[in-house]
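In full-length UniProt numbering, the protein residues as written are 1 to 180.
Glycine included, C-beta positions come from ideal geometry on N, C-alpha and C.
Just so you know, these numbers come straight off a predicted model, no measurement behind them.
Okay, structure first, notes after.
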């Protein structure tokens, strides 16, 4: 792979190297798109040689959707939150999404600003793991068609997920007792 130090490799560079059109490069990296096998092989060889990777941000802008999912959480390094953020992140990655973790401050203003960042990045959804999204954020998410989910909160007009704390405590106690 050549040492370029000129920023990210573009699809135009791949097209020039492969001797094909820019649209052929796009078709090569679009699942289900029609492209001749020989052309695909030339494009893939050029892409590999140059170190090309698809620009997911550009693809998201064109498709008007993103694989980002915002995880908005205060102090994600603490105890149960750390476990929850880690498990959610792994699950999102397994399904092809990209977790965008934003560590908020301790005020509604900080939470609102974090949610607005997620909306501004055109994330597919926002999951609020701590705190309650203010009504103006709920309205903004709704206007932009972005699902907003609150974990462990009873919020009007927001999808919620509740954790069975009592069952979890019993399980933790059993495991603790079994460990000696």
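Which two residues bound the contiguous alpha helix (DSSP H) that contains residue i?
i, result
"residue 14", "11-18"
"residue 165", "165-178"
Along the beta strand (DSSP E) that carries residue i, what are the first and last residues, could you check?
i, result
"residue 227", "Residue 227 falls outside the range modelled here, since the chain spans only 1 to 180, and no answer is possible."
"residue 72", "68-74"
Do residue j and residue i count as a contact pair if the criterion is CB distance below 8 Å?
i, j, result
"residue 129", "residue 81", "yes"
"residue 182", "residue 126", "Outside the shown range of the chain, which is 1 to 180, sits residue 182, and nothing can be said about it."
"residue 50", "residue 14", "yes"
"residue 42", "residue 58", "no"
"residue 131", "residue 74", "yes"
"residue 60", "residue 53", "no"
"residue 69", "residue 113", "no"
"residue 139", "residue 119", "no"
"residue 88", "residue 99", "yes"
"residue 12", "residue 22", "yes"
"residue 137", "residue 166", "no"
"residue 102", "residue 85", "no"
Name the DSSP beta bridge partners of residue i, please?
i, result
"residue 159", "149"
List the whole-angstrom C-beta distance separating residue i from residue j, where the pair is believed to meet the contact cut-off of C-beta under 8 Å.
i, j, result
"residue 133", "residue 161", "Contact doesn't hold; Cβ gap of about 14 Å is too wide."
Between residue i and chain B, is the shortest Cβ-Cβ distance under 8 Å, so that the two count as touching?
i, result
"residue 120", "Going by chain labels, chain B is absent from the structure shown, which holds only one protein chain."
Runs of alpha helix (DSSP H) lying entirely within the stretch 76-150, each at least 4 residues, in chain order: 79-94, 108-120 and 135-143, all fully within the stretch 76-150.
Taking only runs that begin and end inside the stretch 24-50, name each unbroken alpha helix (DSSP H) of 4 or more residues, in chain order. Those alpha helix (DSSP H) runs which fall completely within the stretch 24-50 and span 4+ residues are 37-50.
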